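The structure appears right after this line, and notes come after that.
In my numbering, the protein residues as written are 133 to 269.
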């Protein structure tokens, strides 16, 4: 038992935390509208739960979150969501779903976010075009 504990402690001491860097994702309202961003989790298909909700009236930062890792993380890894609803003025909405069958919406991939140079800072801006593509509810 002592050998097992010693091996575990030795292994944990070898993890290289100094190479970890933060990957950050920002959601920005690029419209003059009230935008409400709702993040959900399906919890392995058992039930849907609201993880978090952010709101801003007019242009500006809706939310930003960072997480440390040795590699660049996706927005799903940082925020832990698998579905998103974006509401504009509580009149129209966009829904992004993670289908787990290779047909996920683009919202879930960092390549569809604007990247700040070669940094690990990514942003997604909701635009007037998003509002026009949203459906009434």
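We put the beta carbon where it would ideally sit given N, CA and C, even for glycine.
This one's a predicted model, so the numbers in the text were calculated from it and none came from an experiment.
Nearest to residue i by CA position, among the options, is which residue?
| i | options | result |
| --- | --- | --- |
| residue 166 | 269, 267, 174, 258 | 258 |
| residue 195 | 152, 237, 162, 269 | 162 |
| residue 245 | 157, 153, 152 | 157 |
| residue 187 | 164, 213, 269 | 164 |
| residue 179 | 214, 261, 207, 208 | 214 |
| residue 289 | 219, 207, 263, 223 | Here the chain has residues from 133 to 269 only, and residue 289 is not among them. |
Starting from residue i, trace the beta strand (DSSP E) in both directions and tell me its first and last residue.
| i | result |
| --- | --- |
| residue 253 | 253–258 |
| residue 194 | 192–201 |
| residue 242 | Taken as a continuous stretch (DSSP letters only), residue 242 belongs to no beta strand (DSSP E), as it is neither H nor E. |
| residue 248 | Careful: residue 248 lies outside any beta strand (DSSP E) and carries neither H nor E. |
| residue 184 | 181–189 |
| residue 170 | 166–173 |
| residue 227 | 224–229 |
| residue 217 | 215–220 |
What residue range is occupied by the uninterrupted alpha helix (DSSP H) comprising residue i?
| i | result |
| --- | --- |
| residue 209 | 207–211 |
When the Cα atoms are used, what is the spatial distance from residue i to residue j?
| i | j | result |
| --- | --- | --- |
| residue 221 | residue 189 | 9 Å |
| residue 172 | residue 185 | 9 Å |
| residue 255 | residue 169 | 14 Å |
| residue 182 | residue 250 | 32 Å |
| residue 238 | residue 204 | 17 Å |
| residue 265 | residue 230 | 19 Å |
| residue 242 | residue 174 | 21 Å |
Considering only their Cβ atoms, is the gap separating residue j from residue i smaller than 7 Å?
| i | j | result |
| --- | --- | --- |
| residue 228 | residue 216 | yes |
| residue 193 | residue 160 | yes |
| residue 197 | residue 269 | no |
| residue 252 | residue 153 | yes |
Helix or strand or just coil, what does DSSP make of residue i?
| i | result |
| --- | --- |
| residue 262 | helix |
| residue 152 | coil |
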